[in-house]
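As given, the protein sequences belong to chains A and B, one line each in that order. Here the first sequence is numbered in this note's numbering, starting from 1 and rising by one per residue. Here the second sequence is numbered in this note's numbering, starting from 1 and rising by one per residue.
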Amino acid sequence: METTNVIKQKSRIDVTFVVCRVLALGFLILYVIALFIPVIWGILTSFKDKVDFYYNMFGLPEKWQFENYLTVLKNFKVPYRNSEYSQTFNFGQMLFNSLAYSVTTSFVSSASMFVIAYATSMYRYKFSEFLDGFIMVLMVLPIYGGMASEIQMMKAFGLFENFFGMAVVAKLGSFTGLWYFIVQNIFKGVPKAFAESAKLDGAGNATVFFRIYIPLTAGMFATLFILHFISAWNDYLTPKIYLSNFPTAAYGLWYFKTATTADVAHVSVKLAASMMLLIPIMILFIIFHEKLMNNISLAEGVKE
Amino acid sequence: METRIKEKEKNKTQWSKMRRADLIFYVCLIVIPLLQFSIFWFGSKFNAIFLAFKLYDENGNASFAGFANFKKVIDNVLHLKNYHIGMRNGFLFWLLNTVTQTPLTLLIAYSLSKKLPGGKFFKVVLFAPSLASTMVMVVLYEYFCEEAIPAFMLTLFHKKIGGLISTPDTRFITLWLFGFWNGFGSGFLMYANAITSISDSIVEAAEIDGVNFVQEFIYITFPMIYNTFAIQLIVSLGGIFSTQFNLYEFYGYGAPTSIQTVGYYQFIRIFLGGEREYPELTAFGLMTTLVFAPLMIGLRKLNEKIDPMH
C-alpha cells in the first residue's frame with residue numbers, strides 16, 4: 001500500500017514538473033519568435049525600395065537597396081538654433097557625440113559609484129550606515145515633478161547645453177541605485193587579509209585602494225562601465241532636453257523618425273536608420289556578452 | 001612600568017594617527033560625489049518647493065503665488081478630462097503589467113533556474129532587448145504593427161484591418177504589448193538574479209524531503225524572493241502617475257488624448273508650455289509625492305510584517 005502511494009505521488013510530481021516546464025518553454029519559444037520576426041522583417045525591409053516593399057512585404061528583397069543606408073547618411077541631420085547661432089549636425093557628428101557622451105558619462109558614473117561604494121563598505125562610520133539607508137529609501141520613495149526644477153537648476157549653474165556640465169558634473173553624484181549595493185558587496189567580498197598585509201608593509205589607504213582593490217575589482221568596473229555605456233548610447237531624452245546643441249545619434253533617430261521629406265519618409269529608410277544604431281550595440285554585446293551575462297567572481301590572489 | 005606606560009601611549013598616538021588618516025581618506029573619497037549630490041539632488045528638491053509657490057508672467061517675471069498652484073492642481077485633477085483619462089490609463093497599464101508580466105516572469109525565472117532546455121540561449125535572448133535603444137525598438141515595432149500585420153492579415157485571411165496603433169480600438173493594447181515585448185527581459189533578469197542567490201543546500205535538502213516543483217516554489221523559492229517581488233510591486237505602483245509608457249517615443253507631442261497618461265501629459269506640458277507651466281507641474285509633483293511617499297512607506301512596513309522570511 002505504501003509503495004503504491006509513493007509511486008502515485010512520484011507520478012503527480014512528474015506531471016506538475018512537466019506541465020510547468022512545457023508552459024515555460026512554450027511561452028519562451030513564442031516570445032523568441034515574437035522578438036525575432038519584427039527584427040528580421042526590419043532588417044530585410046531596410047534593404048527594399050518602395051515598390052518592393054508594397055508588393056513583397058515579407059520576402060527577401062528583389063534587389064538589395066544599400067542606397068537606403070546612403071540616404072540615411074545623407075539626410076540624418078538635426079538642426080540646432082539659439083539666439084546666437086544655428087548649426088546642423090550630420091550623422092558622423094552625431095555618432096562622434098554619442099561616443100564622447102557615452103564614454104565620458106559611463107566613466108564618471110562608474111567611478112563615482114565605485115568610490116562611494118568603496119568608502120562606505122570599507123569605512124563603517126555612522127555616516128556610511130546613514131548613506132546605505134538613505135540610498136535604500138531613495139530607491140523606493142517616489143519623488144514626482146522634479147524635471148522642471150532640474151532644468152531650472154541646470155540653467156542656473158550654467159550646465160544646460162554644456163557638454164562638460166552634463167557629461168561630467170551632472171554625473172559626479174550618480175552613485176544611487178541598486179548597483180551601489182552590488183558594488184558594495186563586491187568590495188566587502190575582497191578578503192581583508194589583502195589590505196591588512198599591505199598596511200603591515202607600510203601601505204597607506206590610497207595605495208590599498210588604487211593598487212589592491214581597484215585591480216581586483218576591475219572586472220566589475222568594466223561591466224558597470226559597459227552597462228552605463230549602453231544606457232548612455234541609447235539615451236535620446238537626456239541629450240534632447242539638456243544637450244540639444246550636442247545631439248547624439250539616439251536623439252537623431254527620434255528626430256529622423258518624424259521627418260516627412262520625400263527622400264526619408266519611407267518605411268525602409270526609417271528602418272535603415274534604426275539598424276545603423278542597433279548594429280554597434282549588438283557588436284558590443286556579441287563581444288562582451290559573457291561578461292555581461294555571468295556573475296562577477298573575484299579570483300583569489302593571496303600572495304604565496 | 002614606566003616603559004610599559006610609554007609604550008601604551010605610543011600605541012595610542014599611532015592608533016589615533018591611523019584613525020585620523022582613515023577619516024581623512026574617507027572624506028576625500030566621498031566629498032566630491034556627495035557635494036554634487038547635495039547641490040543637485042537636494043538643491044533641485046528645495047527649488048521644486050519654492051517653484052510650486054511661484055507664478056510667472058509673460059515676461060518671465062516670478063511672483064509669490066501662495067497656494068494658487070495647489071488649488072489649480074486640485075481643480076484640474078477633479079475637472080480636467082486629461083487627468084481622468086491619464087489616471088485611468090496609468091492604472092490600466094500598471095494593472096495589465098502586474099497581472100500578466102509578473103507571474104510570467106516568475107514562472108520563467110524559476111523554470112530557467114531548473115535547467116530548462118536551451119536555458120542559456122533564452123537568457124541571452126531575454127537580455128538582448130534591454131541593450132537596444134528604446135527608439136530603435138519603437139521604430140521596429142511601430143512599422144511592424146502598422147504595415148506588416150495588416151498586410152499579413154490581408155494576404156493570409158483576406159481581412160482588411162488598419163494599423164494596430166492608428167486604429168483607436170486596438171491602440172491601447174498594442175501600446176501596452178510594446179511595453180511587455182520590450183521590457184519582459186529586464187523583469188525576468190531581476191527575478192532570475194534573486195533566485196540564483198538562494199542557497200543550493202536549502203533546495204537540495206527540500207528535494208531530499210520530497211518536495212515537488214510547485215511545492216518548492218511555494219514554500220522555498222517565493223518566500224526567499226518575496227522581498228524583491230514586493231519592492232518591485234510597490235515601486236511600480238508609483239509609476240501610475242509618472243510613467244509615460246513610451247508614448248513620447250511613439251507620438252512625440254501628439255499622442256491622442258484617449259491614450260495619454262498623467263506622466264506623458266505632464267512631460268509635454270513642460271516643453272510646450274515652457275517656464276510658465278513649471279510652477280503648476282511642480283505643485284502637482286509635490287502633492288503626488290505627499291500622497292504616495294507615506295503610502296509607499298506604509299506598504300513597506302506592511303510588507304515587512306507579512307514577509308515570510310521575517
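A virtual CB, placed ideally from N, CA and C, is assigned to each residue, including glycine.
Exposure label - residue i; buried when at least 16 CB within 10 Å
{"i": "residue 61 of chain B", "result": "exposed"}
{"i": "residue 187 of chain A", "result": "buried"}
{"i": "residue 3 of chain A", "result": "Caution is warranted here: a pLDDT of 48 is assigned to residue 3 of chain A, below 50, making its placement in the model unreliable, and the coordinate value is therefore given only provisionally. Exposed is the call here."}
{"i": "residue 304 of chain A", "result": "Here the model assigns residue 304 of chain A a pLDDT of 29, short of 50, so the residue's position is not dependable and the matter cannot be decided."}
{"i": "residue 18 of chain B", "result": "exposed"}
{"i": "residue 40 of chain A", "result": "exposed"}
{"i": "residue 28 of chain B", "result": "exposed"}
{"i": "residue 186 of chain B", "result": "exposed"}
{"i": "residue 21 of chain B", "result": "exposed"}
{"i": "residue 33 of chain B", "result": "buried"}
{"i": "residue 24 of chain B", "result": "exposed"}
{"i": "residue 256 of chain A", "result": "buried"}
{"i": "residue 4 of chain B", "result": "exposed"}
{"i": "residue 94 of chain A", "result": "buried"}
{"i": "residue 99 of chain B", "result": "exposed"}
{"i": "residue 286 of chain A", "result": "exposed"}
{"i": "residue 316 of chain B", "result": "In this structure chain B extends from 1 to 310, so residue 316 of chain B is not present and cannot be described."}
Nearest residue (CA-CA) to residue i, options the options
{"i": "residue 72 of chain B", "options": "B:279, B:135, B:31", "result": "B:279"}
{"i": "residue 56 of chain B", "options": "B:286, B:277, B:302", "result": "B:277"}
{"i": "residue 233 of chain B", "options": "B:295, B:156, B:164, B:165", "result": "B:295"}
{"i": "residue 174 of chain A", "options": "B:288, B:35, B:197, B:260", "result": "B:35"}
{"i": "residue 145 of chain B", "options": "B:273, B:305, B:217, B:176", "result": "B:176"}
{"i": "residue 161 of chain A", "options": "A:256, A:29, A:101, A:55", "result": "A:101"}
{"i": "residue 38 of chain A", "options": "A:125, A:274, A:291, A:286", "result": "A:274"}
{"i": "residue 234 of chain A", "options": "A:281, A:110, A:287, A:264", "result": "A:281"}
{"i": "residue 44 of chain A", "options": "A:279, A:272, A:288", "result": "A:272"}
{"i": "residue 250 of chain A", "options": "A:33, A:92, A:136", "result": "A:92"}
{"i": "residue 171 of chain A", "options": "B:307, B:1, B:39, B:306", "result": "B:39"}
Nearest-angstrom Cα separation, counted from residue j out to residue i
{"i": "residue 207 of chain A", "j": "residue 114 of chain A", "result": "16 angstroms"}
{"i": "residue 79 of chain B", "j": "residue 272 of chain B", "result": "21 angstroms"}
{"i": "residue 154 of chain A", "j": "residue 109 of chain B", "result": "41 angstroms"}
{"i": "residue 154 of chain B", "j": "residue 127 of chain B", "result": "33 angstroms"}
{"i": "residue 240 of chain A", "j": "residue 247 of chain A", "result": "7 angstroms"}
{"i": "residue 212 of chain B", "j": "residue 19 of chain A", "result": "12 angstroms"}
{"i": "residue 290 of chain B", "j": "residue 66 of chain B", "result": "18 angstroms"}
{"i": "residue 88 of chain B", "j": "residue 261 of chain B", "result": "8 angstroms"}
{"i": "residue 231 of chain A", "j": "residue 242 of chain B", "result": "20 angstroms"}
{"i": "residue 281 of chain B", "j": "residue 193 of chain B", "result": "37 angstroms"}
{"i": "residue 226 of chain A", "j": "residue 203 of chain A", "result": "31 angstroms"}
{"i": "residue 130 of chain B", "j": "residue 199 of chain A", "result": "43 angstroms"}
{"i": "residue 93 of chain B", "j": "residue 240 of chain B", "result": "8 angstroms"}
{"i": "residue 298 of chain B", "j": "residue 90 of chain B", "result": "22 angstroms"}
{"i": "residue 243 of chain A", "j": "residue 237 of chain A", "result": "9 angstroms"}
{"i": "residue 228 of chain B", "j": "residue 52 of chain A", "result": "49 angstroms"}
{"i": "residue 110 of chain A", "j": "residue 224 of chain A", "result": "6 angstroms"}
{"i": "residue 163 of chain B", "j": "residue 133 of chain A", "result": "49 angstroms"}
{"i": "residue 213 of chain A", "j": "residue 13 of chain B", "result": "28 angstroms"}
{"i": "residue 8 of chain B", "j": "residue 30 of chain B", "result": "33 angstroms"}
{"i": "residue 166 of chain A", "j": "residue 269 of chain B", "result": "23 angstroms"}
{"i": "residue 71 of chain A", "j": "residue 277 of chain A", "result": "15 angstroms"}
{"i": "residue 252 of chain A", "j": "residue 96 of chain A", "result": "12 angstroms"}
{"i": "residue 205 of chain A", "j": "residue 76 of chain B", "result": "57 angstroms"}
Where residue i falls: helix, strand or coil (DSSP)
{"i": "residue 55 of chain B", "result": "strand"}
{"i": "residue 293 of chain B", "result": "helix"}
{"i": "residue 46 of chain A", "result": "coil"}
{"i": "residue 246 of chain A", "result": "coil"}
{"i": "residue 166 of chain B", "result": "coil"}
{"i": "residue 253 of chain B", "result": "coil"}
{"i": "residue 67 of chain B", "result": "coil"}
{"i": "residue 79 of chain A", "result": "strand"}
{"i": "residue 62 of chain B", "result": "strand"}
{"i": "residue 7 of chain B", "result": "helix"}
{"i": "residue 236 of chain A", "result": "coil"}
{"i": "residue 42 of chain B", "result": "helix"}
{"i": "residue 59 of chain A", "result": "coil"}
{"i": "residue 256 of chain A", "result": "helix"}
{"i": "residue 143 of chain B", "result": "helix"}
{"i": "residue 31 of chain A", "result": "helix"}
{"i": "residue 31 of chain B", "result": "helix"}
inquiry  = Quick check on the DSSP output: what are the complete alpha helix (DSSP H) runs of length 4 or more inside the segment 87 to 174 of chain A, in order along the chain?
reply    = 91 to 122, 126 to 140, 147 to 156, 163 to 167
ask   = Which parts of the segment 208 to 257 of chain B are runs of the beta strand (DSSP E), unbroken and 3 residues or longer, counting only runs that do not cross its ends?
value = none
message = At 3 residues or longer, what runs of the beta strand (DSSP E) sit wholly inside the segment 77 to 159 of chain B?
response = none
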